[in-house]
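In the working numbering, the protein residues as written are 126 to 326. Just so it is clear, CB atoms sit at the ideal spot from N, CA and C, and this is done for glycine as well. Below you'll find the structure, written out as structure tokens, and then a few comments.
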């Protein structure tokens, strides 16, 4: 945290509105190099300094109310790596609050490629399927997994080994029990949709 006032400012932001259940700061690279776009948790990345509601969070730095954390069930322990931040953000929305990206708050992190993990591709796919199975109404499970399958096939169409590992995880996601299922309410799905991100992509 580059500012000694980070926690004070994050708590003040939470206190400023009961609507905000979780705060995700902007993440800058530790060495001043350009930050990866994946650290800005929205589809249309834009200016990372722009604040607004989000539907996923970068797991390395979040601040949330204790009661909200308890209501969400906390981090998705079975995932181990990847997509816990999406589930946490979705479940914050399901409490009736929002997850908020605060572009004015800054955390820092070294730029490290996620593909450094041998299991990156497998866990990315397995957890994507688990995320849907654990949280979405049945019709949306199929839509969500299908949309992400199409996206990954397009992204990695020239990377055979990566796609092969990804599909191994995809199959594992359907075969293995993902743990507790807590389906988002229809109200939450509609709130997320009207806020710009239906849980289908």
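Check	Outcome
With three or more C-beta pairs closer than 8 Å as the rule, is the stretch 224-242 touching the stretch 141-157?	yes
Is it buried or exposed for residue 209, if we count other Cβ within 10 angstroms and need 16 for buried?	buried
Can you list, in chain order, the residues of its chain whose CB lies under 6 Å from that of residue 320, leaving out five sequence neighbours each side?	178
What three-state label does DSSP hand residue 69 in the structure shown?	Coverage of the chain is limited to positions 126 through 326, which leaves residue 69 absent and any answer about it impossible.
Note down, one range per segment and in chain order, each alpha helix (DSSP H) of at least 4 residues found wholly within the stretch 153-209.	191-197
May I ask which residues mark the beginning and end of the alpha helix (DSSP H) holding residue 270?	263-280
Could you check the C-alpha separation between residue 301 and residue 160 for me, to the nearest Å?	35 Å
Is the stretch 259-272 touching the stretch 306-321, taking contact as three or more C-beta pairs under 8 Å?	yes
Using 8 Å as the threshold, is the C-beta distance between residue 223 and residue 146 below it?	yes
Using a Cβ distance threshold of 8 Å, determine whether the stretch 178-193 contacts the stretch 130-150, with at least three qualifying pairs required.	yes
Checking the sheet assignment: what are the DSSP bridge partners for residue 225?	148 and 178
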